[in-house]
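Counting from 362, one number per residue, gives the positions in the sequence shown under the numbering used here. A quick write-up on the structure given underneath.
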Amino acid sequence: MKNPLRMASFFATILVPIFSIFLFSSCEPQKKEPEFLMRAALLVNEDHAWYKAFAYFAEIVEERSTGRIKIEIYPSEQLAKEIEAIRLIQAEVIDMTTTGSTLTNWFEVATFCELPFLMKDSTDMNRYINGPVGKLMEEEMIKKAGLRSLGHFERGPRHLTSNRPIRHPDDLKGLIVRVPNVPAFVTTWSALGAKPTPMAFSEVFTSLQQGTIEAQENPFAMIHNAGFSEVQKYLNLTGHVISWVYPVVGEKQFQKLPADLQEIVLQAGKEMQAYEHHLYLENEKNVQEELKAQGMQFIEVDKEAFAKKSERAIYESLSPEMQKIYHQLKKEKVDAK
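Spelled out as structure tokens, the structure:
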């Protein structure tokens, strides 16, 4: 017969530690799962101001919602390219992205986000965003694209990069230029004598490297962020577009949030816009110096010649309704002087 004392000792040796582990683990605070997990797809990488602004937004939303909302950010088109991202938001597969004139694929007034040679500076831009056109865009965004604006990010002027200097529209003849999938861009560069090729941003570097395209156009920050100085020698200061993008959330997703969380998201969106603008201003001068240090040559161009040669084609590409808005914006600009 087995010794009862020895058996008791055995069970104490085995069971007490197990019970202790169970007891202590049950006392540890369990990490609370968020009520709402949101995914943001961005085309820029982690060094860009837009990514940093979204990271700031995600942080304050999670903190103020006490963990009820968590936002995961996927840079460099990891989840989707811009148009695909919008469609995935509409299908409620993902939740957030940045977008601007690409929205012309859903409603025409979005063309004024980046209409070439319309605006000269950020003063013009802010007047349009805060005026009737900007309000119309935000309404159309919800109604026709199922997206809600959380603010806007200033992009800075778009400039042309190439491997030959471009000073005048005549220098563009036959040049294969990558453009975003925006009708006004195709119209403008065709009118100027180039061969515009719509292409996703993530494909541009390799296409320049392989010679599939010969040039591209973007703001300073995007040129630097994408490393285009490695494959392009000249930065031609065309300044052909003053533009902005909207950080957006799916309207269906937004409406699923209770009122208190909606308020947190909207307020955090305003703060994200202010934070991004601070980063943008800080970065805009530095990035030009960095591009020059990397070997890019800045070329002054005849901006008036570019604007004059493309103006009629741009105007005629607009519908009669958009032509009325175009005239109104031109009039507002003259009146503001």
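Just so you know, even glycine gets a beta-carbon here, dropped at the ideal spot from N, CA and C.
Rounded to whole angstroms, the gap between the alpha carbons of Y607 and G461 is 6 Å.
Annotation for H601: the continuous beta strand (DSSP E) segment containing it runs 595 to 611.
Between K556 and I574, the C-beta spacing is not below 7 Å.
Judged by beta-carbon spacing, E501 lies beyond the 7 Å limit of F478, meaning their Cβ atoms are not closer than that value. Taking 3 residues as the minimum length, the beta strand (DSSP E) runs contained wholly in the region 486 to 534 are 508 to 510, 514 to 523, in order along the chain.
For the pair Y417 and Y636, the CB atoms are nearer than the 7 Å cut-off.
If you check the CB distance, L398 and E438 do not come in under 7 Å.
Under DSSP, K431 forms a beta bridge with L398. Counting the other Cβ atoms within 10 Å of the Cβ of A446 gives 16 or more, which makes it buried. In this structure E475 is in contact with A545, their Cβ atoms being roughly 7 Å apart against a cut-off of 8 Å.
Counting every other CB atom within 10 Å of its CB across the protein chains shown gives V422 a total of 16 or more, marking it as buried.
By the neighbour-count criterion, in which 16 or more other beta carbons inside 10 Å mark a residue as buried, F589 falls on the buried side.
Going by DSSP, T558 is part of the beta strand (DSSP E) stretching over 556 to 559. Within the same chain, Cβ atoms closer than 6 Å to the Cβ of S678 are found at T548, the five residues on either side in sequence being excluded.
Pairing Q684 with G554, the inter-Cα distance amounts to about 23 Å.
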